[in-house]
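Peer 1:
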């Protein structure tokens, strides 16, 4: 979460590349460096273990913040959801 500036309670979208679903949910912090992406409650019906997902978080910025050099971050993960690089 720290690597891409996502905080617990933040609203995110989860895009499932396996079944095409796109859901809105919120972030709950798990064990640090645990590599677990878990959907709870009703959201759990939209993904299975092994599905590839994209997690989107949005920011509302004014022009001044953008001009100061704000940059989005993308975490590329590999085996066990371990971050391989942040771009």
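Numbering (our numbering), first residue to last: 513 to 599. Using N, Cα and C, we set each Cβ at its ideal position, and we do this for glycine too.
1. Distance check for residue 513 and residue 544, CA to CA, integer angstroms please.
2. Can you give the beta carbon distance from residue 516 to residue 587, rounded, assuming they're within the 8 Å contact cut?
3. Are the Cβ atoms of residue 549 and residue 593 separated by less than 8 Å?
4. If you count every other CB in all the chains shown that lies within 10 Å of the CB of residue 571, and 16 or more means buried, which is it?
5. List the DSSP bridge partners of residue 586.
6. Looking at the structure shown, is residue 578 part of a helix, part of a strand, or coil, going by DSSP?
Peer 2: In brief:
1. Looking up residue 544 in the chain shown gives position 32. Looking up residue 513 in the chain shown gives position 1. Looking at the backbone, the Cα of residue 544 and that of residue 513 are separated by about 9 Å.
2. Here residue 516 refers to the residue found at position 4 of the chain shown. Here residue 587 refers to the residue found at position 75 of the chain shown. Sure, about 5 Å apart at Cβ, within 8 Å.
3. Here residue 549 is taken as the residue at index 37 of the chain shown, counted from 1. Here residue 593 is taken as the residue at index 81 of the chain shown, counted from 1. Contact flag set, yes.
4. The sequence position of residue 571 within the chain shown is 59, counting from 1. Under a 10 Å Cβ-count criterion, residue 571 is classified as exposed, with fewer than 16 other Cβ atoms of the shown protein chains found around its own Cβ.
5. Within the chain shown, residue 586 is the residue found at index 74, counting from 1. DSSP lists no partner for residue 586.
6. The residue labelled residue 578 in the question sits at position 66 within the chain shown. Three-state result, residue 578: helix.
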